[in-house]
Amino acid sequence: MALALRPPRVPKPKSGLPSHYHESFLEKKGPRDRDYKKFWAGLQGLTLYFYNSYRDSQYMEKLDLGVFVKLTDESPWGSSHDPGTHFCLVLRHQEIKFKVESLESREMWKGFILTVVELRVPSNLTLLPGHLYMMAEALAKEEARRALEMPSCFLKVSRLEAQLLLERHPECGNLLLRPSGDGAGGVSVSTLQTLNGTPVVQHYKVKREGPKYVIDVKEPFSCTSLDAVVNYFVSHSNKKLMPFLLDDDYEKVIGYVEADKENGESVWVTASAPSAPSAPGPGPAPPRGGPKQLPPSSIAPVSSQDKLPPLLNQDENYVIPTGDAPAANYVNQDVPSPSRPVVPKPRKLAMFQAKPPIVPMSEPKKGLNSGLARKLAVSSAQAFSSPTTAVLGGYKREQPGLGNPWCR
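full-length UniProt numbering puts the last residue of the sequence shown at 408; the count rises by one with no breaks.
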């Protein structure tokens, strides 16, 4: 029974990073390593990533090719013959040795590294036409990446605008890149520093020579990218120069344009901030739309002595007596007590006056003079039957006595 052929295993693409320009196995030996260590390596942009396996998406080490110096062919230690499987990558501060499986693999790695660093396909290597075509594709991708990847401190401003930005926003940095005024594709670097309280503005010219940027100073320095130009100024100024990172330009105060009534010119007016409302007191909040309540401090306290007495019933029109002494018991109800006055209780008005009580004639006691007793009886009768005199309209009118029992 024939076995089905399995397709060749293809390395999975790295999910954490974009696709590499070139990738294969590399054995690496750094300055502090005693022996070579095998990695799966991939080239992307100006960075060389190293993985434990081609299945891994997280790299273990990386090398920055922005400080590239040169590539050399390295012979094994103790041998004068070059088998074509070793080469050395020389950077600015270190040298890393590599070992590959074949001469073709070494030429491929050297060709891709020189392509992304110099932005051109090398012509002095032993390469096949297919290899040259792959490097040309990598060159186009790298040029597109660099065109979109500009330093954050690169601003499209003029020389004067750059100086004003550095002066007005010193907290954002003191180094920025701007387009050069010569129109040759170069850039200019503007810096601002303070010397004894006086701002000092300096401008540097960076020329574009092919794929590289050359800083035009006393000893010209070549860089592979604008990021390398920024790093050069930062490192050579002992980190006194920092890239200018301008924050988002948002206004903090509301303003508007208003015409001046005197001269008719338009002026910019800043709106005044509304005053913050006072914090409510501990008392209850006033109802919405209702009358405002006075604060408790404005209401004078009422003492118990100032409180008004309760209202009396209107149907009972009584006068409160000043004392609780019992009323005097007199026969005719006409003689008040000489010691304490008694306020009489008023009575309700009636249609007719009430009849006075009939007081019987007292008989004279025995032993008294009959003439004297007869006079007393006559005087008592005259007191009850005496007419009442009323003044009406200035005339006196006599009415019969109401107390006379014989007057009906």
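Beta carbons are placed, not taken as given, at the ideal position from N, Cα and C, and that holds for glycine. Keep in mind the model is a prediction, meaning the values are calculated, not measured.
Nearest to Glu142 by alpha-carbon distance, out of Asn238, His22, Ser75 and Lys239, is His22. DSSP places Leu139 within a helical segment (H, G or I) once states are collapsed to three. Taking a contact to require three or more Cβ pairs closer than 8 Å, the segment 89–101 and the segment 61–72 qualify as touching. Burial is judged here by how many other beta carbons sit within 10 angstroms of a residue's own beta carbon; Met60 has fewer than 16 and is exposed.
Going by beta carbons, Cys223 and Val217 fall outside the 7 Å limit. In the three-state scheme derived from DSSP, where H, G and I count as helix and E and B as strand, Ser75 is classed as coil. Annotation for Gln163: Val201 place their beta carbon closer than 6 Å to its own, counting only its chain and skipping 5 residues before and after. Of the residues assessed, Tyr133 falls on the exposed side of the cut-off, its CB having fewer than 16 other CB atoms within 10 angstroms. Counting other Cβ atoms within 10 Å of its Cβ, Ser53 stays below 16 and is therefore classed as exposed. Taking C-beta separations shorter than 6 Å and ignoring five residues to either side along the sequence, the partners of Ile96 in its chain run Gly30 and Leu89, following chain order. Across the structure, Arg120 and Ala138 are spaced so that their CA atoms are roughly 10 Å apart. Restricting attention to Asn238, His169 and Val117, the CA atom closest to the CA of Leu46 is found in Val117.
In the displayed model, Cys88 falls within a strand according to three-state DSSP. Per the coordinates, the alpha-carbon of His169 lies some 17 Å from the alpha-carbon of Leu195.
Counting C-beta pairs with one atom in each stretch, the segment 202–217 and the segment 258–272 have fewer than three that are closer than 8 Å, which means they do not touch. Taken through DSSP and simplified to helix, strand or coil, Lys240 comes out as coil. Distance from the CA of Tyr36 to the CA of Pro151, rounded to the nearest whole angstrom, comes to 36 Å.
Around the Cβ of Asn124, a 10 Å sphere holds fewer than 16 other Cβ atoms; the residue is exposed. Partner residues in the beta bridge of Gly255, as assigned by DSSP, are Thr270. Distance from the CA atom of Thr72 to the CA atom of Phe87, rounded to whole angstroms, is 6 Å.
Sequence-distant Cβ neighbours of Pro199 in its own chain, meaning closer than 7 Å and more than five residues away, are Glu167 and Leu192. For Leu245, the CB contacts under 8 Å within the same chain, skipping 5 residues up- and downstream, are Ser152, Cys153, Cys172 and Gly173 in chain order. Taken through DSSP and simplified to helix, strand or coil, Ala144 comes out as helix.
Bounds of the alpha helix (DSSP H) holding Leu164 are Arg159 to Arg168. Between Ile113 and Leu43, the alpha-carbon positions lie close to 8 Å from each other. From the listed residues Glu107, Glu149, Phe233 and Arg146, the smallest Cα separation to His131 is found for Glu107.
For Val116, the enclosing alpha helix (DSSP H) begins and ends at Leu103 to Glu118.
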